[in-house]
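See structure below.
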Amino acid sequence: GAGVSQTPSNKVTEKGKYVELRCDPISGHTALYWYRQSLGQGPEFLIYFQGTGAADDSGLPNDRFFAVRPEGSVSTLKIQRTERGDSAVYLCASSLKAGRNTGELFFGEGSRLTVL
Amino acid sequence: QQQVKQSPQSLIVQKGGISIINCAYENTAFDYFPWYQQFPGKGPALLIAIRPDVSEKKEGRFTISFNKSAKQFSLHIMDSQPGDSATYFCAAFGRGSARQLTFGSGTQLTVLP
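Chain order of the listed sequences is A and B.
Here the first sequence stands for residues -1 to 114, where the numbers follow our numbering.
Here the second sequence stands for residues 1225 to 1337, where the numbers follow our numbering.
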């Protein structure tokens, strides 16, 4: 596809359940980011991958959140024991070259997570 | 802590008017300042960006003004149109360990027909 693809677009789950959110970046983009956006707020940084490794995971709120990118392309954000406060839109973005990253990120449409 | 402060939170402008959104940053490691536009249900999309070695950048009806000494930058939308109605986010991107976009809190712009 031409853009960043995120699935599912909507996810409703119950408190305490486990969820996975998937991101398929633009082909050839080596840098991948996860952000979380709450209603009426700006996107909040979670984690950044260069290739397969997490270069910066300082934004993950706690150890219930984990993300992987095993082959340097698709990434999965995993949330264990979900809480109502985890409800938000989770945005994925990719950019062209990690080493010469200009900061131009291309965002997907997000996965809206609702925890009941 | 909020490293990029954005104002106003909301803005209503008549068609043809000028929309002005302001941002201020704290971290001097930031070296790239983009503005993103977001429509409901969509992800943010890059609108225009500036580096701190220039004081102004213009692309069509959109202009960024940058004041390095004051650590402030602003977006001006000339001849605002109803189709410009969206949420606008300023952001900053940094060198070294700050290599991720830090966003402002957003401005919801409404352009009245």
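In this text, a Cβ means the ideal position worked out from N, Cα and C, and glycines have one as well.
For clarity, every value in this text was computed on a predicted model and none was experimentally measured.
Compute the distance between the beta-carbons of Ala86/A and Phe104/A, then report whether it is under 8 Å. no
Within the 8 Å Cβ cut-off, does Pro6/A reach chain B? No Cβ of chain B is located within less than 8 Å of the beta carbon of Pro6/A.
With DSSP as the reference, identify every bridge partner of Arg1338/B, one or two as the case may be. Since the displayed chain B opens at 1225 and closes at 1337, residue 1338/B lies outside it and no answer follows.
Which listed residue (Trp32/A, Val2/A, Glu18/A) has its alpha carbon closest to that of Asp54/A: Trp32/A
So Gly106/A contacts chain B; which residues on that side make the cut at Cβ distance below 9 Å? Gly1267
Would you please verify whether the beta carbon of Phe1297/B is less than 8 Å from any beta carbon of chain A? Taking 8 Å as the threshold, the shortest C-beta distance from Phe1297/B to chain A does not fall below it.
Taking Pro41/A as the query, report the chain B residues whose CB atoms sit under 7 Å from its CB, ordered along the chain. Chain B residues near Pro41/A: Pro1268, Phe1327.
Just how far apart, CA to CA, sit Ser25/A and Glu69/A? 13 Å
Applying a beta-carbon distance threshold of less than 9 Å, which residues of chain A neighbour Phe1313/B? Gly40, Pro41
Label Gly83/A either buried or exposed according to how many other C-beta atoms from any shown protein chain fall within 10 Å of its C-beta, with 16 as the threshold for buried. exposed
From the DSSP output, in three-state form, read off Arg98/A for me. For Arg98/A, the pLDDT reaches just 48, beneath the cut-off of 50, and the residue's location in the model is therefore unreliable, although a value from the coordinates is still provided. Taken through DSSP and simplified to helix, strand or coil, Arg98/A comes out as coil.
Chain B partners of Asp84/A, CB-CB under 7 Å? Going along chain B, no residue has its Cβ under 7 Å from Asp84/A, so there is no contact; the nearest lies around 19 Å.
Top-ranked residue by Cα proximity to Leu114/A, from Arg79/A, Glu107/A, Gly106/A: Arg79/A
Counting beta carbon pairs with one atom in the segment 36 to 44 of chain A and one in the segment -1 to 13 of chain A, are three or more of them shorter than 8 Å? The segment -1 to 13 of chain A vs the segment 36 to 44 of chain A: no contact.
If contact means a Cβ-Cβ distance below 7 Å, which residues of the segment 43 to 58 of chain A contact chain B? Phe43, Tyr46, Asp54
Considering Ser1248/B, what are the terminal residues of the beta strand (DSSP E) in which it resides? The amino acid occupying residue 1248/B in the given sequence is Ala; Ser does not appear at that position. Annotation for Ala1248/B: the continuous beta strand (DSSP E) segment containing it runs 1243 to 1249.
If you pair each beta-carbon of the segment 1323 to 1330 of chain B with each one of the segment 1270 to 1289 of chain B, do three or more pairs fall below 8 Å? no
Cβ-heavy atom distance, Lys1295/B to the ligand GTP, below 7 Å: Of the ligands one can find in the structure shown there are none, so the ligand GTP has no counterpart to examine.
For Glu18/A, three-class secondary structure by DSSP: strand
Cutting at 7 Å between CB atoms, please list the residues of its own chain near Arg1275/B, excluding the five before and the five after it. Excluding positions up to five away in sequence, the list reads Asp1255, Tyr1256.
Should Lys1266/B and Glu107/A be called a contact, given that it needs their Cβ atoms to be closer than 8 Å? Yes, these two residues count as a Cβ contact at 8 Å.
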